[in-house]
Amino acid sequence: MNKKKPLTYGEQIALIRQKGFVIYDDEIEDCITFLKKVNYYRLSAYFLPFMRPDRTFEEGVSFFRLRRIYEFDSRLRSLIFEVIEDVEVCLRTQLSYYVSQKYGAFGYLNDAMYSRRHDEHHFLGLIRRCVEQNRDSPVIRQSQAKNDGKVPLWIIVEFFTVGMLSNFFSDMKTADQKEIAGSVYRTGVKQMESWLHCLTDLRNRCAHYLRLYGWTFSFVPRMPQDFVYEPDRSLFSQLLVLKFLYPDGREWVFKLMTVLKPLIAEYREDISMDHIGFPEDWEEILTPSAA
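Residue 362 in this note's numbering sits at position 202 of the sequence shown, with consecutive numbering throughout.
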């Protein structure tokens, strides 16, 4: 039984102060206004980058700075999500085109297309769920009517989650993986699998409006063989994955870099680059050589 007492806005402010964050008396009304828009539980995640090893918090960090970090994170997340959309659409296109050309419109339903790791029963269950959840979609109904209840890959792939796309690639035969990874993304299979795991994790956080600032991600991405950089679980390493997967270097610069640079400059006094894993030469590393 949960015996926690819900806190009033005044009590929430008292608790923030108790943790060592600074709220001046003339800021209280502004803080309450903010807490009415962003509930305390969501905001409290932004306390964590300031937590010491003994689980106490750094003292003297202002509520104004916390709010600025929250705003930065929100705008950064929106920017990244927009970039992920381009990556995701291209990935769906490339996977469905390659498989359809080699195995046919319905080859993805045949266990012979996959490696031994493929769980046909589980995969077909996911396909049935995709169809069922989107049964009211005209394109699904029309495809089933024309193809004895089956849906061509280039249509059903648009309803795959990113996790399904990642598993779809991982379950392919090695020769097909090598062809897609090498010819489309100019990398190896292990790197490609790693990137898709990272993409799934990052996309899910963005889609659910979860904190990126100061977050430790689940996967350390593999770098291309000719790329000299030591990756980690920070946000910056995940952005490198997007750079590698992005279909057009010049568009990457226009869509991400031209927005990211002024965004960081605007919040530079309040954020910590260490909290997002950005090295000093981050602009050079994130900019494609061919751009």
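Glycine included, each C-beta is placed from N, C-alpha and C at the ideal position.
Between the Cα of residue i and the Cα atoms of the options, which residue gives the shortest distance?
i, options, result
"Gln351", "Tyr373, Leu370, Val401, Ala367", "Val401"
"Gly267", "Arg212, Val247, Met332, Val322", "Met332"
"Asp233", "Asp246, Tyr373, Met273, Trp355", "Tyr373"
"Arg228", "Ile431, Gly437, Pro439, Trp442", "Ile431"
"Ala205", "Ser397, Gln385, Trp375, Glu426", "Trp375"
"Phe283", "Ile315, Lys306, Met324, Phe319", "Met324"
"Arg295", "His281, Glu280, Val311", "Val311"
"Leu195", "Gln302, Arg212, Tyr230, Gly220", "Tyr230"
"Arg202", "Lys421, Glu429, Arg371, Trp442", "Arg371"
"Leu356", "Gly170, Val182, Ile244", "Ile244"
"Ser222", "Val182, Ser326, Pro391, His281", "Val182"
"Phe319", "Gln304, Asn307, Arg289", "Arg289"
"Thr193", "Ser297, Phe224, Phe217, Lys164", "Phe224"
Pull up the DSSP beta-bridge partners for residue i, would you.
i, result
"Phe217", "Met211"
"Ser222", "Val182"
"Gln274", "First, the residue type needs correcting, since residue 274 is Tyr and not Gln in the sequence shown. Answer by DSSP bridge pairing, in chain order: Met332."
Would the beta-carbon of residue i fall within 8 Å of that of residue j?
i, j, result
"Val419", "Thr447", "no"
"Glu256", "Leu313", "The question names Glu, yet the displayed sequence has Ser at residue 256. Going by C-beta atoms, Ser256 is nearer than 8 Å to Leu313."
"Thr334", "Ala341", "no"
"Pro407", "Asp246", "yes"
"Ile436", "Leu405", "no"
"Arg363", "Phe377", "no"
Check whether the Cβ of residue i lies closer than 7 Å to any heavy atom of the ligand PLP, and answer yes or no.
i, result
"Ile229", "Ligands are entirely absent from the displayed structure, and the ligand PLP is therefore not among its contents."
Quick one: residues in its chain with C-beta nearer than 6 Å to the C-beta of residue i, no 5 flanking neighbours on either side, listed in chain order?
i, result
"Tyr258", "Ile340"
Can you list, in chain order, the residues of its chain with a C-beta nearer than 7 Å to that of residue i? Leave out the 5 residues immediately preceding and following it.
i, result
"Ile424", "none"
"Gln178", "none"
Quick one: residues in its chain with C-beta nearer than 8 Å to the C-beta of residue i, no 5 flanking neighbours on either side, listed in chain order?
i, result
"Val349", "Thr334, Gln337, Lys338, Ala341"
Item to check | Whole runs of the alpha helix (DSSP H) within the segment 385-409, excluding any shorter than 4 residues | outcome: 395-405
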